[in-house]
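In the working numbering, the protein residues as written are 1 to 144. Read the structure below first, then the notes.
Printed below as a string of structure tokens:
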């Protein structure tokens, strides 16, 4: 029996790309929920006291958070479809995260340094999954 990828001549989506998409969806949904909570709670006196910012600022923070969460969800969908743009955006975020982690690893001490190293390792894993031979074949076939 032949697989659907061999019948269509296109490589199947690698598991690593699917894993990244799922993690990005989870992150996007959590960001969306958190941003909506900020928007809803922006008039709460306890929230205003604990954050030391105005209700208007919290509204803008919530709106920007919703937009970022929606971009995350769009990137996840794009990755599953083999979008080069989605791959590029995921790469940009991973490279910026890696650069930040390297910087933080040098300037921080103790647990903050370990946290930065962990973040850097995760960014490297993302890049490896995005640019594995199978992922390269998958994205190349979709852009052709």
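A virtual CB, placed ideally from N, CA and C, is assigned to each residue, including glycine.
Residue i versus residue j - alpha carbon distance
| i | j | result |
| --- | --- | --- |
| residue 129 | residue 138 | 12 angstroms |
| residue 46 | residue 116 | 32 angstroms |
| residue 112 | residue 104 | 8 angstroms |
| residue 20 | residue 126 | 7 angstroms |
| residue 10 | residue 134 | 11 angstroms |
| residue 16 | residue 80 | 11 angstroms |
| residue 44 | residue 98 | 37 angstroms |
| residue 82 | residue 131 | 12 angstroms |
| residue 37 | residue 30 | 10 angstroms |
| residue 109 | residue 96 | 21 angstroms |
| residue 41 | residue 136 | 44 angstroms |
| residue 64 | residue 22 | 22 angstroms |
| residue 55 | residue 48 | 7 angstroms |
| residue 118 | residue 91 | 18 angstroms |
| residue 141 | residue 114 | 39 angstroms |
| residue 4 | residue 77 | Confidence at residue 4 is low in this model, with a pLDDT of 45, below 50, so its placement is unreliable and no value can be given for it. |
Under 8 angstroms between C-beta atoms of residue i and residue j
| i | j | result |
| --- | --- | --- |
| residue 66 | residue 89 | no |
| residue 94 | residue 28 | no |
| residue 101 | residue 123 | yes |
| residue 26 | residue 62 | no |
| residue 58 | residue 51 | yes |
Beta carbon proximity, residue i to chain D, threshold 8 angstroms
| i | result |
| --- | --- |
| residue 128 | Judged by its chain identifiers, the structure shown contains no chain D, having just a single protein chain. |
Nearest-angstrom Cβ-Cβ length linking residue i and residue j, presumed shorter than 8 angstroms
| i | j | result |
| --- | --- | --- |
| residue 24 | residue 75 | 6 angstroms |
| residue 143 | residue 84 | 5 angstroms |
Which ranges would you report for the alpha helix (DSSP H) in the region 22 to 93 if only whole runs of at least 4 residues count? Given a length threshold of 4 residues, each whole run of the alpha helix (DSSP H) inside the region 22 to 93 is given here in chain order: 45 to 51 and 55 to 81.
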